[in-house]
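Written out below as structure tokens is the structure these notes cover.
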Amino acid sequence: MKSIAVVVIFLKIISLFEGYVGSTKTSFEHHIRADLLKNYDKKVRPVLRGKREVEVSLALRISRLVKVDNKEQLVVLDTWVIQTWRNEFLTWNSSEYGDLNRIHFSPEEIWVPDVALFNNGDDKINLAGGPTKFVTDISVNDKGRCVWSGPATFKANCEMKVDEWPFDEQTCELAFGSYSYGKNLLKLKLFKDKRKFATRFVKSGDWEITNITAALGETDHGNCCRFNFSEVVYTLEMKRKSLYYMFYLFTPTSLLTILALSSFLIHVESGERIGFVTTILLAMTVFLLLIPSFLPVTSDGLPILGINLQVTMILIAAILFANIFVLRVYFKEGTPPNWIEKFCSFGNFKKESRVRRVNVSQADSNYPLALKSSTTTGIEMPECTGTPAFVQPTKVQEFTWQRVSAKMDLVFFVIFIIASSVAYALTFG
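Going by mature numbering (1 follows the signal peptide of the UniProt record, and there is no 0), the letters in the sequence shown line up with residues -19 to -1, 1 to 410, in that order.
As structure tokens, this is what we get:
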């Protein structure tokens, strides 16, 4: 009997030891996961009554406005996305599992909504949502409430208006919804927390987000199905910071315009006028080639700065033609017609006679020259005794083509200053 008692005690000790070892290799979380995932089908919507829709709350918080690509009409955003719903299959009594009331699941293990960005502009992925986009684990509590949150970068197709570039304000919509479940199976709601930006929001150097709104809506996906699809549309209102473009494009072109105007101050005989203005015109052409690299190919509107560069280029071309005309006038031979002389006389030029006047001394004008004999050398020589008349030519400034060209320089200088001021005022007014 004693031997039997010893054997029984030994077996109990072994069973207790095995239980202790086993308990060190498992936890309550292991047991919860094993119990919940047993016979679990992740393709089945998480409702006990199949006709009820799954309510999914969605929140989008902007972390950073990465890029606004006017050329490709894309907006790139770093975001923090939050999705919550209730999975009626993932519930447990926490008191039976050591009061553990929250565990985590991979999105590959349980049902998740296929909420994605409808206007996706990323050609590398077909579905901007679901497990392909959101890779973080899902937090589930003992009541079945699932919280799926994590970072995501979206590329959204947005139509850009370029007529006010670079002083433009753009509006971009990001539409999220399900591709598979109609509104009778999945219903989107707005998350209770209305924060628009993430905690670590990084400002953009090019753009300022002025407003973000969210609205619920429906879409039909091309009228494919009996029921419409629920969607949430986030509208971003953005304003471009134009200082960069004004500094590197507008300021140089304005200086080139001033330099082109100064060509009328260069002396004609220096021979540098035409080459000087032509060089400025070529520089303007280079600046004009930079504009299309920033903008999409569209005929719906022309950008303000592009119009300004075009107008400036036309003005410089007109200045070049004006200089050519002035040079032809300067080197023209002959005498200008009377009507040109009369036209130029309205300025600082005074009409002067082209006849050379002779002034004779008034004191002796009535007395002829008298001869007086001189016998100093024994030979009679006549001697002038009267006051001789003398010829005194007046100062004459003859009206020439060179004076006409100087007048034209002044007129063109004033005209193009006024034209440039009016053009800039109309462009940016």
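A virtual CB, placed ideally from N, CA and C, is assigned to each residue, including glycine.
Cα-Cα separation between residue i and residue j, rounded to whole angstroms
i, j, result
"asparagine 82", "valine 37", "21 Å"
"glycine 186", "methionine 227", "15 Å"
"aspartate 80", "lysine 184", "43 Å"
"asparagine 107", "leucine 55", "16 Å"
"glutamine 343", "serine 244", "Below a pLDDT of 50, predicted positions are generally treated as unreliable, and glutamine 343, at 44, falls in that range; no measurement from the model is reported."
"glutamine 291", "leucine 269", "7 Å"
"histidine 12", "aspartate 103", "41 Å"
"lysine 177", "serine 44", "9 Å"
"leucine 237", "serine 251", "21 Å"
"isoleucine 261", "threonine 408", "21 Å"
"arginine 33", "glutamate 69", "12 Å"
"phenylalanine 231", "tyrosine 405", "11 Å"
"arginine 14", "leucine 58", "35 Å"
"arginine 337", "threonine 316", "Only weak support exists for where arginine 337 lies, its pLDDT of 41 falling under 50; the value from the coordinates is given anyway. Near 17 Å, if we compare the C-alpha coordinates of threonine 316 and arginine 337."
"phenylalanine 397", "leucine 98", "53 Å"
"isoleucine 84", "lysine 105", "33 Å"
"threonine 234", "phenylalanine 210", "52 Å"
"valine 116", "threonine 152", "29 Å"
"isoleucine 182", "glutamate 53", "In the sequence as displayed, the identity of residue 182 is phenylalanine instead of isoleucine. Taking the straight line joining both Cα atoms gives about 25 Å."
"asparagine 20", "serine 8", "20 Å"
"asparagine 192", "glutamate 218", "5 Å"
"methionine 141", "threonine 266", "25 Å"
"aspartate 174", "tyrosine 229", "42 Å"
"valine 403", "alanine 133", "49 Å"
"threonine 156", "proline 147", "Rather than threonine, the amino acid found at residue 156 in this sequence is alanine. Between alanine 156 and proline 147, the C-alpha separation is close to 27 Å."
"aspartate 345", "cysteine 325", "Residue placement at aspartate 345 is flagged as unreliable, the pLDDT there being 47, under the threshold of 50; a coordinate-derived value is accordingly withheld."
"lysine 48", "glycine 111", "24 Å"
"lysine 23", "threonine 72", "15 Å"
"residue 414", "valine 28", "Lying before the first or after the last residue shown, residue 414 is absent from the chain, which here runs from -19 to 410."
"residue 445", "leucine 41", "The question about residue 445 has no answer, for the chain in this structure spans -19 to 410."
"alanine 387", "asparagine 289", "30 Å"
"phenylalanine 208", "isoleucine 285", "46 Å"
"alanine 264", "alanine 179", "45 Å"
"tyrosine 225", "threonine 60", "26 Å"
"phenylalanine 371", "proline 318", "Interpretation of phenylalanine 371 is limited by its pLDDT of 46, a score under 50 that renders its predicted location unreliable; no figure is taken from the coordinates."
"lysine 220", "leucine 276", "16 Å"
"isoleucine 272", "alanine 109", "32 Å"
Residue from the options with nearest C-alpha to residue i
i, options, result
"glutamate 89", "Asn101, Ala241, Thr113, Asn100", "Thr113"
"cysteine 139", "Ile91, Thr316, Asn51", "Asn51"
"alanine 241", "Thr293, Met141, Arg181", "Thr293"
"alanine 298", "Lys323, Leu230, Ser401, Tyr229", "Ser401"
"serine 159", "Val96, Ala137, Val214", "Val96"
"glutamate 314", "Gln383, Pro273, Phe275, Trp320", "Gln383"
"glutamate 154", "Phe210, Ala133, Thr216, Gly111", "Thr216"
"serine 274", "Asp281, Gly287, Leu263, Ala264", "Gly287"
"cysteine 205", "His248, Leu39, Asn192, Ser161", "Ser161"
"glutamate 77", "Trp146, Lys222, Asp16", "Asp16"
"valine 93", "His202, Val35, Ser235", "Val35"
"valine 214", "Leu29, Leu39, Lys23, Val28", "Leu39"
"tryptophan 320", "Val385, Leu246, Leu271, Leu224", "Val385"
"threonine 259", "Gly125, Ile247, Ile300", "Ile300"
"glycine 203", "Gly163, Arg30, Leu246", "Gly163"
"isoleucine 247", "Asp281, Arg207, Leu391, Ile190", "Leu391"
"glutamate 212", "Asn100, Ile399, Gly125", "Asn100"
"glutamate 10", "Ser120, Pro318, Lys220", "Ser120"
"tyrosine 311", "Met389, Val278, Asp281, Thr279", "Met389"
Residues bridged to residue i (per DSSP)
i, result
"alanine 40", "Ile63"
"phenylalanine 394", "None; phenylalanine 394 has no bridge partner."
"isoleucine 247", "Bridge partners of isoleucine 247: none, in fact."
"asparagine 192", "Glu218"
"isoleucine 84", "Val121"
"threonine 200", "Phe210"
"glutamine 151", "Met219"
"valine 96", "Ser159"
"leucine 55", "Asp50, Asn138"
"alanine 133", "Thr60"
"leucine 171", "Leu39"
"phenylalanine 115", "Phenylalanine 115 is not bridged to any residue."
"glycine 110", "Ala97"
"phenylalanine 178", "Ile43"
"arginine 126", "Arg67"
"valine 183", "Arg45"
Cβ separation of residue i and residue j, assumed to be a contact under 8 Å, to the nearest whole Å
i, j, result
"leucine 166", "arginine 67", "Leucine 166 to arginine 67, Cβ: 15 Å. No contact."
"serine 87", "aspartate 123", "That belief does not hold up - the Cβ atoms of serine 87 and aspartate 123 are roughly 19 Å apart, past 8 Å."
"aspartate 149", "leucine 283", "Their Cβ separation, rounded to whole angstroms, is 12 Å, which puts aspartate 149 and leucine 283 out of contact at 8 Å."
"phenylalanine 380", "glutamate 322", "5 Å"
"lysine 222", "tryptophan 188", "7 Å"
"valine 249", "leucine 308", "6 Å"
Check whether the stretch 241 to 258 touches the stretch 295 to 310, taking contact to mean three or more Cβ pairs, one atom from each stretch, closer than 8 Å. yes
Quiz item: Is it a yes or a no for the stretch 51 to 66 touching the stretch 125 to 133, going by three-plus beta-carbon pairs under 8 Å?
Solution: yes
For the structure I just gave you, are there three or more beta carbon pairs, one from the stretch 193 to 210 and one from the stretch 170 to 178, closer than 8 Å?
yes
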